[in-house]
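According to the UniProt record's numbering, the sequence shown is numbered sequentially starting from 1. Quick reminder that beta carbons are idealized off the backbone N, C-alpha and C, glycines included. The block underneath contains the structure these notes are about, expressed in structure tokens.
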Amino acid sequence: MSKPNQTLGEFIIENQTAFKYTSGELSRLLNSIRLAAKVVNHEVNKAGLVDIIGNAGDTNIQGEDQQKLDVYANDKFIQTLTKRNIVCGIASEEEDDFIAINSQDENNQNKYVVLIDPLDGSSNIDVNVSVGTIFSIYRRVTPLGTPVTLEDFLQKGSAQVAAGYVVYGTSTMLVYTTGYGVNGFTLNPAIGSYYLSHPNMQFPEDGNIYSVNEGNYSDFPVGIKKYIKYCQQDEDERPYTSRYIGSLVSDFHRNMIKGGIYMYPKSTKNPKGKLRLLYECNPMAFIAEQANGKASDGFTRIMDIQPTELHERVPFICGSKNMVEKAEEFMRNEQ
Ligand code: P6P
């Protein structure tokens with residue numbers, strides 16, 4: 001249920017009754033993410049002004065240089081979620097292992113775990129291209145009051161209770177789902193409130209935008225190569241437009257509004273693809289499906305994949321349903 005110009009806080013409260021899981025904890029959790037995103041947004045927006053960009057001189061488990069803003073965003077989300085004592089565990093792209101919260105407190109009744117990519121696309125920061133935060137929320141599967149375990153994080157995407165992203169672009173937007181559709185909120189930086197600007201977001205079933213790093217073309221599976229050539233053919237409504245920002249959240253967000261497909265296939269450089277299943281592909285897949293889109297690894301529904309490792313990667317194809325199904329058809333034909 002949405003009303004024009006509703007704030008995110010009002011929307012969460014008004015739709016709380018729909019959450020079949022919680023007595024307000026999920027609302028408080030979403031509100032804490034909202035707060036952390038505002039703080040990170042403030043820093044991202046002034047990245048060029050202060051000495052906060054450039055490598056923090058460290059590398060994360062992915063072997064990627066950690067930008068200072070990566071570290072800052074990671075710290076902010078972890079601090080906010082920890083201080084407000086809402087979750088029992090956090091997993092982050094920037095943390096080698098998951099973080100157990102209040103695990104020694106047998107009275108810890110917090111039932112949610114959060115998995116987060118605190119600043120996705122951070123290599124774009126130095127060139128002033130938009131970046132994003134991606135989050136995924138589950139109920140723990142181990143008993144309340146016991147220390148959270150890896151099992152609580154290695155759940156299929158279909159078990160998510162909420163997922164969302166923040167896109168720090170020309171404006172800052174928070175887009176999320178709790179399984180009842182997708183709604184987008186735009187931040188008014190002057191007053192620090194998010195307003196419902198994109199109610200009930202839906203992927204058009206068809207689109208004419210394809211997003212892939214064609215620099216890796218020679219390494220792609222044959223099915224993907226054939227689908228890319230299909231997109232480029234001068235036939236029917238094709239050739240499609242190629243748009244690739246190099247920031248998953250931004251490419252996804254544009255494609256959800258205009259219609260399109262995003263692909264990060266496997267290649268010899270990335271034999272399992274580049275994107276991480278738990279805190280990139282699953283949350284984006286949940287949002288895509290809730291917006292009438294589709295997400296797979298080319299063969300299997302992303303949210304049906306059983307995770308085995310915290311930072312595992314999968315090939316990712318996501319977007320307008322008919323475009324994803326066409327790409328899957330090319331992949332199947334090359335099996
Ligand atoms: P490449 C950013 O590092 C990211 O995880 C996604 O946001 C983005 O779509 C992709 O990787 C870009 O990767 O290899 O094309 O630079």
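- Excluding residues up to 5 positions away in sequence, TYR138 lie with their Cβ nearer than 7 Å to the Cβ of ALA159 in the same chain.
- Relative to the Cα of VAL167, the nearest Cα in the group ILE191, LEU187, GLY89, VAL161 belongs to LEU187.
- Per DSSP, ASN108 is not a residue of any alpha helix (DSSP H), being assigned neither H nor E.
- By the C-beta criterion, the segment 239-255 is judged to be in contact with the segment 199-215, since at least 3 inter-stretch pairs fall below 8 Å.
- DSSP lists ILE99, VAL114 as the bridge partner or partners of ILE90.
- Under DSSP, PRO271 takes part in a beta bridge, and its partners are GLY273.
- Under the three-state reduction of DSSP output, ALA291 falls in the coil class, being neither helix nor strand.
- The ligand P6P has a heavy atom closer than 7 Å to the beta-carbon of ASN213.
- Contact between LEU115 and TYR262 fails: their C-beta atoms lie close to 20 Å from each other, not under 8 Å.
- The count of Cβ pairs closer than 8 Å, one atom from the segment 104-119 and one from the segment 71-87, reaches three, so the stretches are in contact.
- Annotation: ARG238 is outside any beta strand (DSSP E) and is labelled neither H nor E by DSSP.
- Of the heavy atoms belonging to the ligand P6P, none sits nearer than 7 Å to the Cβ of LYS38.
- MET284 and GLY164 have their C-alpha atoms some 7 Å from each other.
- Look at SER123 here: in three-state DSSP terms it is helix.
- Membership of TYR227 in the alpha helix (DSSP H) is indicated by the continuous run 222-232.
- In the DSSP annotation of this structure, the continuous segment of the alpha helix (DSSP H) that includes TYR72 starts and ends at 68-83.
- Going by beta carbons, PRO118 and GLU94 fall inside the 8 Å limit.
- Around the beta carbon of GLY132, 16 or more other beta carbons lie within 10 angstroms, which makes this residue buried.
- Taking all protein chains shown into account, PRO204 has 16 or more neighbouring C-beta atoms within 10 Å of its C-beta and is therefore buried.
- Checking the 7 Å criterion, the Cβ of LYS274 is within range of a heavy atom belonging to the ligand P6P.
- Rounded to whole angstroms, the Cβ separation of ASN31 and ILE12 is 6 Å, and the two are in contact under 8 Å.
- As the crow flies, the alpha-carbon of PHE185 is around 17 Å from that of ALA288.
- Per DSSP, SER32 is not a residue of any beta strand (DSSP E); the alpha helix (DSSP H) it occupies stretches across 25-45.
- In this structure, the ligand P6P has no non-hydrogen atom nearer than 7 Å to the beta-carbon of SER242.
- Going by DSSP, ILE134 is part of the beta strand (DSSP E) stretching over 131-139.
- Here LEU310 carries a coil assignment [DSSP, helix/strand/coil].
- In this structure the segment 213-229 touches the segment 253-272; the number of beta carbon pairs closer than 8 Å is three or more.
- Taking 8 Å as the cut-off, the beta carbon of VAL129 is found no closer than this to the beta carbon of SER27.
- Taking 7 Å as the cut-off, one finds at least one heavy atom of the ligand P6P near enough to the beta carbon of LEU248.
- Relative to the Cα of ARG332, the nearest Cα in the group ASP297, PRO147, GLY223, ILE90 belongs to GLY223.
- Counting C-beta atoms within 10 angstroms of its own C-beta, LYS229 has fewer than 16 neighbours from the protein chains shown and is therefore classed as exposed.
- DSSP places GLY184 inside the beta strand (DSSP E), whose first and last residues are 182-188.
- The C-alpha of GLN104 is placed about 43 Å away from the C-alpha of ASN5.
- Straight-line spacing of the CA atoms in TYR194 and LYS46 works out to 19 Å.
- Within a 10 Å sphere around the beta-carbon of ASP120 sit 16 or more other beta-carbons, which makes this residue buried.
- Boundaries of the beta strand (DSSP E) around ALA162: 162-168.
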